[in-house]
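Following: one structure in structure tokens, then a few remarks.
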Ligand code: GLU
Ligand code: MG
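Numbering (this note's numbering), first residue to last: 97 to 545.
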């Protein structure tokens with residue numbers, strides 16, 4: 097199973113890398129790029145030539161620990177565990193997810209876990225955190241299926257949106273027919289199960305969705321999807337932005353998390369006695385997520401720009417509530433056409449987020465809901481914007497950081513090293529953008545994610 101790299105010993109990893117390298121060489125691959133996502137939400141990479149894959153799988157490749165506290169502008173802050181320029185971590189590729197890159201011929205990709213030099217898992221490793229929480233869920237006889245939608249804006253070399261055709265419009269689909277076909281082919285060739293590809297609402301915006309899988313796998317997949325879209329775009333002379341907002345005052349790029357809870361092959365979001373077929377476990381799980389949502393925003397909407405996206409009437413889910421097919425609720429319940437498709441969509445998250453922190457945080461919150469048997473609040477069946485009692489989610493990064501600081505649950509789930517590093521990065525970014533105009537904030541992060 098992908099996501100289980102830590103269960104392999106060094107010797108096993110080396111043996112697996114040897115076998116993989118033989119196959120990759122036969123496939124004409126020259127090098128392997130290792131991806132991971134930092135606490136600011138930026139995807140970082142290192143690569144090795146194929147001849148070094150075995151050594152890299154066995155011992156990892158060096159990674160400076162200060163990237164635990166890197167900000168969106170590539171500056172650094174400090175956390176209690178920071179060692180500044182001193183020390184080293186090891187990036188270890190998960191060979192279960194090794195993928196030749198269709199749009200970067202000669203390259204393969206793998207997500208990486210971060211280890212200490214001594215070979216122990218790094219407590220600040222976000223992927224490890226997601227895996228640990230997943231394992232806790234599984235020990236309770238439950239499992240979660242997750243999928244993350246990817247929205248992006250394509251721009252021309254001047255930085256302007258590369259199409260102004262109408263939202264969901266045939267115009268932009270036809271204008272970019274070859275580009276979209278190559279996106280589809282590349283994702284499919286890499287073994288990704290694409291469900292839909294369509295023009296989105298904002299100028300230059302498109303969206304792809306992929307099938308649900310395990311939480312760590314879903315986070316890996318979203319990193320690979322974004323990497324691939326960027327590579328295809330580069331081949332077409334196009335630039336890509338996954339920033340929460342591309343054009344000030346307009347609809348932004350979300351990274352909605354779809355999730356369903358399962359027990360013994362049964363979707364707990366279908367056929368139960370609760371509202372719309374929810375089983376009690378699913379009700380309590382979603383109640384737990386809603387209860388923690390303001391603090392979870394520090395993980396899922398981590399940028400100052402996130403709050404320029406997370407506003408009412410943009411389908412971004414700016415209200416702390418749930419409702420069947422309610423696209424203004426942070427939690428949109430979807431019954432789907434079949435039992436397996438029933439799921440909840442958390443709309444309030446965006447692509448500035450580290451997807452491993454998001455799935456891990458959401459799972460931890462849901463589990464807490466289950467543990468205390470938290471009741472699901474009443475449904476919000478209409479647009480919350482018109483409801484006097486509707487509760488807005490935090491409207492700024494500092495507000496979300498305040499909620500995160502008060503969250504004993506997330507502090508405990510993340511572990512102190514990871515929690516403190518995330519907190520330090522959020523505080524530092526809040527300070528970085530304090531007093532800046534909205535236009536400035538949008539501009540500063542437009543090309544960073
Ligand atoms: N682009 C919207 C967002 O910022 C979402 C549109 C939709 O897919 O409902 O989340
Ligand atoms: Mg969308």
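Don't be surprised by glycine CBs; every beta carbon is placed ideally from N, CA and C.
For residue 241, the enclosing beta strand (DSSP E) stretches over residues 238-244. If you compare the alpha carbons of 313, 362, 166, 154 with that of residue 528, the shortest gap goes to 166. Closest by C-alpha distance to residue 401, out of 326, 496, 463, 156, is 496. A distance below 6 angstroms between beta-carbons, with the five flanking residues on each side excluded, links residue 158 to the following residues of its chain, in chain order: 184.
If one requires a minimum length of 3 residues, the beta strand (DSSP E) runs lying completely within the stretch 258-335 are 290-295, 301-306, in chain order. Under DSSP, residue 354 shares a beta bridge with 243, 441. The criterion of a C-beta distance shorter than 8 angstroms is not satisfied by residue 175 and residue 189.
For residue 411, the shortest C-beta to heavy atom distance toward ligand 1 is below 7 angstroms. Annotation: the continuous alpha helix (DSSP H) that includes residue 498 extends over 493-501. For the 8 angstroms CB-CB criterion, residue 204 and residue 285 do not form a contact.
Residue 503 is classed as buried because its beta carbon has at least 16 other beta carbons within 10 Å across all chains shown. Taken through DSSP and simplified to helix, strand or coil, residue 338 comes out as coil.
The stretch 104-116 and the stretch 148-157 touch, with no fewer than 3 CB-CB distances between them shorter than 8 angstroms. Here residue 394 is actually not in contact with residue 405; their C-beta atoms are around 15 angstroms apart, not less than 8 angstroms.
Inclusion of residue 475 and residue 415 in the CB contact set at 8 angstroms is not warranted, their separation being larger than that value. Considering only 140, 494, 191, the residue with the shortest C-alpha distance to residue 106 is 191.
Within 10 angstroms of the beta-carbon of residue 468 lie fewer than 16 other beta-carbons, which makes it exposed. The beta-carbon separation of residue 288 and residue 306, rounded to 6 angstroms, stays under the 8 angstroms limit for a contact. With 16 or more other Cβ atoms from the protein chains shown falling within 10 Å of its own Cβ, residue 337 counts as buried. Less than 8 angstroms separates the beta-carbon of residue 514 from that of residue 225. Sixteen is the threshold: when 16 or more other Cβ atoms of the shown chains lie within 10 Å of the Cβ of residue 319, as they do, the residue is buried. Close CB contacts of residue 239 within its chain, under the 6 angstroms cut and outside five residues either way in sequence, are with 358 (chain order).
The shortest CA-to-CA distance from residue 451 to any of 227, 120, 180 is the one to 227.
Here residue 397 is buried, its C-beta having at least 16 other C-beta atoms within 10 Å.
For residue 420, the CB contacts under 6 angstroms within the same chain, skipping 5 residues up- and downstream, are 372, 429 in chain order. Three or more Cβ pairs drawn from the stretch 350-368 and the stretch 423-441 lie within less than 8 angstroms of each other, which places the two stretches in contact.
If you draw a straight line from the Cα of residue 388 to the Cα of residue 461, it comes to about 6 angstroms.
When DSSP reads this structure, residue 195 sits in a beta bridge with 205. The beta carbon of residue 335 sits closer than 6 angstroms to those of 251, all from its chain and outside the five residues before and after it, given in chain order. In the three-state DSSP reduction, residue 420 falls in the strand class (E or B). In the structure shown, residue 382 adopts helical secondary structure according to DSSP, grouped into three states. Judged by DSSP secondary structure, residue 153 falls within the alpha helix (DSSP H) whose first and last residues are 149-155. Assignment of residue 411 by DSSP, reduced to helix, strand and coil, places it in the coil class. Secondary structure of residue 103 (DSSP, three-state): helix. Residue state for residue 347 is assigned as coil, using DSSP reduced to three classes. Under the Cβ criterion (8 angstroms, minimum of three pairs), the stretch 307-316 does not count as touching the stretch 504-511.
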